[in-house]
Amino acid sequence: MRKYILKRLLLIPLTLFGIMALNFVFIQMAPGGPVEQMMMKLDGQTVTARFAGSSGEVKAAVKSDSKYQGAQGVREDLIQDLKKEFGFDKPLWQRFALMMKKYLVFDFGKSFYQDKKVTDLILEKMPVSISLGLFSTLFIYLISIPLGIKKAVKDGSRFDMVSSFGIVIGYAIPSFLFAIMLLMIFAGGRYLNWFPLRGLVSDYWSDLSWPMKILDYLWHMVLPVTAMVVGGFAGLTMLTKNSFLEEMKKNYVITARAKGLTEKRVLYGHIFRNAMLIIIAGFPATLVGLLFTGSVLIEVVFSLDGLGLLGYESVLNRDYPVIFGTLYMFALLGLVLNLVSDLTYHLVDPRIDFERRSK
């Protein structure tokens, strides 16, 4: 197993390089880059622009024949200053090489528009995303796995049909719509005012004692986490049920029952280990999705400034340092979690030997 782990660790840099190279090319091909967006802001106006490292003040007031859309009314020398400031005065391959060289030491540069280091932005937004992702993943698994097992054991019963109705609702209602419903009912809408409307903590949080700070933080987490759990538990519940139903039909289960083992011993001593493999395999994707992508709309609804919202806004604004910095971190975390998933496979069922299979 050590050789397999070493091999996977050596493949992470190569895979990460491929992911970054493909996305770098595709994003550069997308219209409306940083220079073009700045040109459109300056179009037809007399402006004074200051850029760090540029020649100083540049006034734009005359027409220019530029390849950038929206550059009409902006002088060519200003365009060149903008290209130099944003790093577009170098060839594509050279920009990518310089970027990856810096990324090796986790130097992601500065945001084009927020005048902050990308690392500082990520660390600033991280608590929100980690809070939503970890709490949501924890409750989704705590609810879905026992519920899926019980549905499999009682397949076709009244409990199975009633719980399936709740699962259908979970499938049908998007998490952001359920979030709005929660706000209307429990956050000072038409009915109750039990929970805060926005934010991760209260405005007076710094003045509270440590126990009260924890309670205030958890109080703010209730509604957004509930919305994400409702939107995510349905799929995992059905996956768990179907996985257990499939294992229950296999010969080794029939043999175990024929030996006189109790249903509880058969379920948790034999079926559980095999049925959980497919659920464990999906854990990294579930965690990464909830941490960085699945919470975007939830962050918007509850005014939570996290990584999902940061990534979404950076794509809209073509803030390349933020786009590639967050992509690098997400991809690296995803690759590491995939390795962790394989190791968990082996811990759950030692018969699975990835090193032997890879030969």
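Under this note's numbering, the first residue of the sequence shown carries the number 7, and numbering increases by one thereafter. For glycine and all other residues, C-beta sits at the position ideal for the given N, C-alpha and C.
Considering only their Cβ atoms, is the gap separating residue j from residue i smaller than 8 Å?
i	j	result
Gly331	Lys131	no
Pro327	Ser117	yes
Phe102	Ala27	yes
Val134	Leu273	no
Phe201	Phe192	yes
Met335	Ile128	yes
Phe239	Gly176	yes
Gln34	Leu98	yes
Leu242	Ile146	yes
Gly172	Thr246	no
Leu188	Thr232	yes
Ile136	Ala337	no
Ser342	Tyr318	Sequence check: residue 342 is Val here, not Ser. Their beta carbons are not under 8 Å apart, which means Val342 does not touch Tyr318 by this criterion.
With a cut-off of 8 Å on the beta carbons, I'd call residue i and residue j a contact; round off their distance for me.
i	j	result
Ser181	Ile304	6 Å
Val307	Leu315	Not really, about 11 Å apart at Cβ, beyond 8 Å.
Phe250	Ile277	6 Å
Met234	Ser142	4 Å
Gly194	Leu206	Incorrect: roughly 18 Å between the Cβ atoms, too far for contact.
What residue does the alpha helix (DSSP H) around residue i start on, and which one ends it?
i	result
Ala193	Taken as a continuous stretch (DSSP letters only), Ala193 belongs to no alpha helix (DSSP H), as it is neither H nor E.
Phe171	Arg164 to Ala178
Val228	Trp216 to Met254
Lys9	Arg8 to Met35
Gln100	Leu98 to Tyr109
Pro133	Val124 to Val159
Ile260	Asn257 to Ala264
Val321	Leu313 to Asn323
Leu303	Val302 to Val307
Val272	Glu269 to Val272
Looking at C-alpha atoms only, which residue of the options is the closest neighbour of residue i?
i	options	result
Leu110	Leu341, Pro152, Met234 and Leu22	Leu22
Tyr119	Leu338, His352 and Ile329	Ile329
Phe32	Arg324, Ser212 and Asn257	Arg324
Ile18	Gly340, Leu188, Gly205 and Leu140	Gly340
Leu229	Lys108, Val159, Asn199 and Tyr258	Asn199
Asn280	Thr268, Tyr258 and Phe289	Tyr258
Phe30	Leu140, Leu338, Lys122 and Leu333	Leu333
Val159	Phe112, Glu269 and Val236	Glu269
Asn344	Ile286, Asp126, Thr125 and Ser150	Ile286
Phe289	Asp161, Lys219, Ile151 and Asp222	Ile151
Tyr351	Asp222, Met106, Met187 and Met282	Met282
Val236	Thr125, Leu353, Lys123 and Leu148	Leu148
At least one CB of chain E closer than 8 Å to the CB of residue i: is that the case?
i	result
Asp209	In the displayed structure, chain E is absent; only one protein chain is listed.
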